[in-house]
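Read the structure below first, then the notes.
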Amino acid sequence: MSWRDLGDLADPSKYHDAIDIRGKDPAGLISHLRKMVLIRMAEQHLAVARKDGLIGGPVHLGVGQEAIAVGVSESLRNSDTVFGAHRSHSHLLALGSSLHGLFAEILGKDTGLSRGLGGSMHLWDGPRGFYGSVPIMAGTVPLAVGAGLAAKLKGTDNLSVSYFGDGAVEEGAVHESLNLARMLEAPVLFVVENNFFASHMEISLRQPLNAMTRFAAAHDVPCELVDGNDVVAVHDAAARLIAQVRSGAGPRFLEAVTFRWYGHVDWREDVDVGVNRSVEHLASWRARDPVARLTAALTAAAVWSASQHADLIADTSRAIAEAWDQAMRDPWPHADTLLDAVYTQRAERS
Amino acid sequence: MNPTQHYNYGTAILAAFEYLLATYPEVFVMGQGLWSPWYVGNSMTELDKKFGKHRVIDTPVSELAVTGAGVGAALAGMKPIIVHPRIDFMLYAMDAVVNQAAKWSHMFGGQAHPGVTIRAIINRGGEQGAQHSQALHAWFAHIPGLRVVMPATVSDARDLLVAAVLCGDPVMYIDDRWLYELEDDLDPITELTLATEGPRCLASGSDITIVGAGYSTKLAIEACQALGGQGVSAEVIDLRVLNPFEPKAIIASVQKTGRLLVVDGGTRNAGFAGEVIASVAERVVPSIMQKPPSRVTLPDAPAPTSRVLERVYYPTADDVVRESLTLMSR
Chain C
6 MSWRDLGDLA
16 DPSKYHDAID
26 IRGKDPAGLI
36 SHLRKMVLIR
46 MAEQHLAVAR
56 KDGLIGGPVH
66 LGVGQEAIAV
76 GVSESLRNSD
86 TVFGAHRSHS
96 HLLALGSSLH
106 GLFAEILGKD
116 TGLSRGLGGS
126 MHLWDGPRGF
136 YGSVPIMAGT
146 VPLAVGAGLA
156 AKLKGTDNLS
166 VSYFGDGAVE
176 EGAVHESLNL
186 ARMLEAPVLF
196 VVENNFFASH
206 MEISLRQPLN
216 AMTRFAAAHD
226 VPCELVDGND
236 VVAVHDAAAR
246 LIAQVRSGAG
256 PRFLEAVTFR
266 WYGHVDWRED
276 VDVGVNRSVE
286 HLASWRARDP
296 VARLTAALTA
306 AAVWSASQHA
316 DLIADTSRAI
326 AEAWDQAMRD
336 PWPHADTLLD
346 AVYTQRAERS
Chain E
10 MNPTQHYNYG
20 TAILAAFEYL
30 LATYPEVFVM
40 GQGLWSPWYV
50 GNSMTELDKK
60 FGKHRVIDTP
70 VSELAVTGAG
80 VGAALAGMKP
90 IIVHPRIDFM
100 LYAMDAVVNQ
110 AAKWSHMFGG
120 QAHPGVTIRA
130 IINRGGEQGA
140 QHSQALHAWF
150 AHIPGLRVVM
160 PATVSDARDL
170 LVAAVLCGDP
180 VMYIDDRWLY
190 ELEDDLDPIT
200 ELTLATEGPR
210 CLASGSDITI
220 VGAGYSTKLA
230 IEACQALGGQ
240 GVSAEVIDLR
250 VLNPFEPKAI
260 IASVQKTGRL
270 LVVDGGTRNA
280 GFAGEVIASV
290 AERVVPSIMQ
300 KPPSRVTLPD
310 APAPTSRVLE
320 RVYYPTADDV
330 VRESLTLMSR
C-alpha cells in the first residue's frame, strides 16, 4: 500500500482474521463492541422496517462500516463539532445519541432529533456534538472547516470532524476544503470512509487510483491510512491525529478502508444494479466483518464469552424494540411546524 | 455639537464593519481581496490592520469552501461575514447558500442557526461583460430561509449590514458599486431588527408608484425628481428586503396612485419585478388601476462589453421617466 494504492486493503480476501488487541484494555474493547453491535442491529432493524413500508423515506445504511465511527468517536468530546452526510446513522449513534430520537426522526415524528423535519438524511444532535448531516455528498465538508475555524478563533482546543466518502472526493468542495483548512490551520479531522462505491458505481469506474490519501498528500495535510474494519486500528490512528489537531497542528486526514453490505439506499444489496458488485464480491467482503473480527479477538483473549455475546444481542434487541415502539407511538409534528423554523423569527406575509 | 457624521455609501459599509468588529467578538470577515486596498472600493479599507488578519481573512480562490466555512462557523456560534467582490463569482458557492445555509434551521427543526451574512457586490458597466455584471437578487429571493437585503441608501448600506449580521439567519446582503458615491449625514448606529424591516417609502406622491431596489431605487428617485418638473407626482418605494417579502407598503401606495412601475436591475423573465407586480395584482381590485402595471428591467440578454451596447443594455432614469409618462398618458 502507498499513497497511490491501497494494496491488500482493497483485496476482500484479506484481513478476515481476528484483529490485534494485544496491550489493549478489555473494558474499552468491550465498550467498542457494544456500540458496534447497537449500530449494526439498529440499522438492520431499519432495513426491515423500510422493506416493510413502515419508513416513508430513504435510509442509507452503513452496515459493515461500524468500526470507523466507533473508533473515531472515542477521542471526541461533546464540545467538538461532527459533520456527516447521507450515511450517518453510525456517526450519530457512536457519539451516544438517543436511539429513540434517531428512530423517531426517521419516522418523521415530533420527538425526533430534528423535530421530525429531517428524516434519515438530515440528522442533528448539537448537545452531543453532532452538528449535522445532509445528503449532498460533500455538502458539509466546508462547513466542518468553518466550525473548526470557529473553535480556533474562540481560543479553544475543540475540533471538527468531517465524515465523507470516496464519492464525495469527486466533488470540488472536498479539495477546496482541504486547501482552505490547511491554509487557515483549522482544527479539522477529515475522515474518508472508502467503501469503494458511490451509489451504484465501483471506484475503478470513477477514479484512476483507489487511495484517498493521495488527496491529503496533494493538499499537504498529514494523513493515516487504516483498515476501517479494525476498530483498534481506527481508534489508534484517530487518537493520534486528533491529539495533533488539538495541539494546534492544523488539519489531519484519516482514510479508513471499508465496505457497505447493503446497496446505496434501503435494504437491497444492489448486486443487480451495482456496477462491479456481485454476490461473491459481497460474501468476500462480509468476511472482513468488523464486529466478528473484534468478537473473535475478545473471545480468543478469554475476556468475552458466547453467553456474554448472546446477552448483548438480547439486550440490544430489547433496547431497539423499546425505542422503536415508543417512536411509532409518538405524535406527528403539528402543521404549524412547517413555517415555524424557516427563520429564527417566523415571517408573516400580508 | 452635531452628532451626525458624513458618509458615502462605501464608507457607510466600512462603518458597519468597524462597528460590528469592535462590538462583537464573534464577528469575523472572510473573502477574496480583503487584504487588498482596491478590491472592494472604499468599503473595507484597513480593516485587517485595525482588527487583525485573523479576523479579516483574505482567502484562496475557493468561493464554495469559503462560503461553506462561513455557514459552519455560524453553526458553531460565530457571526461571520463572507465577502464576494462580484456576485457572479459566487455561483460556485450555491450549494453552501441554497442547500445548506438557507435550509439548516428548518431541516433541523429550528435547532441549528447558520447566521452567516454573505455580502455580494454587484458591479456593472466598465466593459466588464457577462460574468462581472450580473444582478442575481431574484434567484436568492426565491429561496425560503435566506433573507435578502439590497441597500439603496447610505443609511441602509450601514444599518442593514449591521442588522443582517445580528439577525441570526443567513442573509444575502447585496450592495451595488454604482451607489458608492451617494452621500448623506447619518446619526450614530442604532441596531435594527431585520425581521421587522421591509419596503419603505422614500418619496411621497399621488400619481404613480415607482418601486426599486438597490441601484434601481436611485433611478426611481432621479425619475421622481424629473417627473415632478413635469407635473407628475411620483411615490417611490424602496424594497430594501426582498426575502421574506412583505408587499404591504407597495399595495397601500398603489391603492392611492392606481399606477405601478417596477424598476429592476435584473433581467426580465422570472425576475423580482414580476413578483412585485404579482403581489400587488393579487391584492388590489382591478378597477382601481388606471393602467396595467409595468416594469423597466434589463433586457433578457447577458451583459455586453462594448460601451455602445452597454448604453443600450442598462436602464437609465430617462427610461424610467419615459415609462412613467406612458403610464400617465390617457
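Residue numbers (my numbering), protein chains in the order written: chain C, 6 to 355; chain E, 10 to 339.
For each residue, glycine too, the CB sits at the ideal point set by N, CA and C.
Could you work out which residue in the options is closest to residue i when comparing CA atoms only?
i                         : options                               : result
glutamine 350 of chain C  : E:Ala287, E:Cys176, E:Gly280, E:Thr32 : E:Cys176
alanine 149 of chain C    : C:Asp115, C:Leu118, C:Phe195          : C:Phe195
aspartate 216 of chain E  : E:Arg339, E:Asn51, E:Tyr101           : E:Arg339
isoleucine 230 of chain E : E:Tyr33, E:Ile91, E:Thr162            : E:Thr162
alanine 150 of chain E    : E:Glu72, E:Ala222, E:Thr218           : E:Ala222
alanine 172 of chain E    : E:Asn17, E:Val36, E:Asp67, E:Val70    : E:Val36
histidine 240 of chain C  : C:Arg265, C:Pro17, C:Ser36            : C:Ser36
Under 7 Å Cβ-Cβ, which residues of chain E neighbour residue i?
i                         : result
glycine 144 of chain C    : Asp104, Asn108, Gln109
isoleucine 141 of chain C : Asp104, Asn108
glutamine 350 of chain C  : Ala204
histidine 127 of chain C  : Met116, Phe117
tyrosine 136 of chain C   : Leu84
threonine 86 of chain C   : Ala85
Can you confirm whether residue i, when its beta carbon is compared against all beta carbons of chain D, has any partner nearer than 7 Å?
i                     : result
alanine 82 of chain E : Protein chains C and E are contained in the structure displayed, whereas chain D is not.
Residues of chain C with CB under 7 Å from residue i, in chain order?
i                        : result
valine 75 of chain E     : Leu185
histidine 93 of chain E  : The premise fails here: histidine 93 of chain E is roughly 14 Å from chain C at the closest Cβ pair, so nothing lies under 7 Å.
proline 153 of chain E   : Val347
glycine 61 of chain E    : Neighbours of glycine 61 of chain E on chain C: none; closest Cβ ~11 Å, over 7 Å.
aspartate 178 of chain E : Tyr348, Thr349
For residue i versus residue j, is the C-beta distance shorter than 7 Å?
i                         : j                         : result
methionine 337 of chain E : leucine 122 of chain C    : no
glutamine 49 of chain C   : threonine 263 of chain C  : no
alanine 301 of chain C    : alanine 72 of chain C     : no
asparagine 199 of chain C : glutamate 260 of chain C  : yes
valine 296 of chain C     : methionine 41 of chain C  : yes
serine 288 of chain E     : proline 253 of chain E    : no
histidine 65 of chain C   : histidine 91 of chain C   : yes
isoleucine 7 of chain E   : serine 52 of chain E      : Examination of residue 7 of chain E is not possible in this model, given that chain E is present from 10 through 339 alone.
proline 179 of chain E    : proline 123 of chain E    : yes
aspartate 171 of chain C  : isoleucine 208 of chain C : yes
serine 251 of chain E     : valine 329 of chain E     : Checking the displayed sequence, the identity of residue 251 of chain E turns out to be leucine instead of serine. For leucine 251 of chain E and valine 329 of chain E, no; Cβs fall outside 7 Å.
valine 174 of chain E     : alanine 212 of chain E    : no
valine 158 of chain E     : leucine 169 of chain E    : yes
threonine 13 of chain E   : glycine 138 of chain E    : no
alanine 73 of chain E     : tyrosine 101 of chain E   : The amino acid at residue 73 of chain E is misidentified as alanine; the sequence shows leucine. For leucine 73 of chain E and tyrosine 101 of chain E, yes; Cβs fall inside 7 Å.
isoleucine 219 of chain E : alanine 243 of chain E    : yes
tryptophan 129 of chain C : glycine 137 of chain C    : yes
threonine 126 of chain E  : tyrosine 48 of chain E    : no
Taking the beta carbon of residue i as the centre, do at least 16 other beta carbons fall within 10 Å, making it buried, or is it exposed?
i                         : result
asparagine 278 of chain E : exposed
aspartate 165 of chain E  : buried
asparagine 281 of chain C : exposed
leucine 84 of chain E     : buried
valine 321 of chain E     : exposed
arginine 249 of chain E   : buried
glutamine 120 of chain E  : buried
alanine 31 of chain E     : exposed
alanine 254 of chain C    : exposed
lysine 62 of chain E      : exposed
lysine 56 of chain C      : exposed
alanine 315 of chain C    : exposed
isoleucine 297 of chain E : exposed
glycine 280 of chain E    : buried
serine 142 of chain E     : buried
isoleucine 318 of chain C : exposed
How would you list, in chain order, the residues of chain E whose beta-carbon sits under 8 Å from the beta-carbon of residue i?
i                      : result
valine 150 of chain C  : Ala74, Gly77, Ala78, Gly81
serine 119 of chain C  : Met116, Phe117, Gly118, Gln120
glycine 123 of chain C : Met116, Phe117, Gly118
leucine 158 of chain C : Phe37, His63, Arg64, Ala82, Met87
Name the chain C residues whose beta carbon is nearer than 8 Å to that of residue i?
i                     : result
proline 69 of chain E : Glu181, Asn184, Leu185, Met188
Residues of chain C with CB closer than 9 Å to the CB of residue i, please, in chain order.
i                      : result
glycine 275 of chain E : Those within 9 Å of glycine 275 of chain E in chain C number zero; the least Cβ separation is about 21 Å.
Note down, in chain order, every chain E residue with its Cβ under 9 Å from the Cβ of residue i.
i                      : result
alanine 90 of chain C  : The premise fails here: alanine 90 of chain C is roughly 12 Å from chain E at the closest Cβ pair, so nothing lies under 9 Å.
glycine 131 of chain C : Leu84, Phe117, Gln120, Ala121
Proximal residues, the region 171-183 of chain C versus chain E, C-beta separation under 8 Å: Gly177, Ala178, Glu181, Ser182
Chain-ordered residues of the region 112-142 of chain E with a beta carbon less than 7 Å from chain C: Trp113, Ser114, His115, Met116, Phe117, Gly118, Gly119, Gln120, Ala121, His122
Chain C contacts made by the region 18-47 of chain E, where a contact means CB separation under 7 Å: Phe37
Against chain C: residues of the region 246-265 of chain E by CB proximity under 9 Å: Asn252, Pro253, Phe254, Glu255, Pro256, Lys257, Ile260
Contact list for the region 193-210 of chain C against chain E, Cβ threshold 8 Å: When CB distances to chain E are screened at a threshold of 8 Å, not a single residue of the region 193-210 of chain C falls below it.
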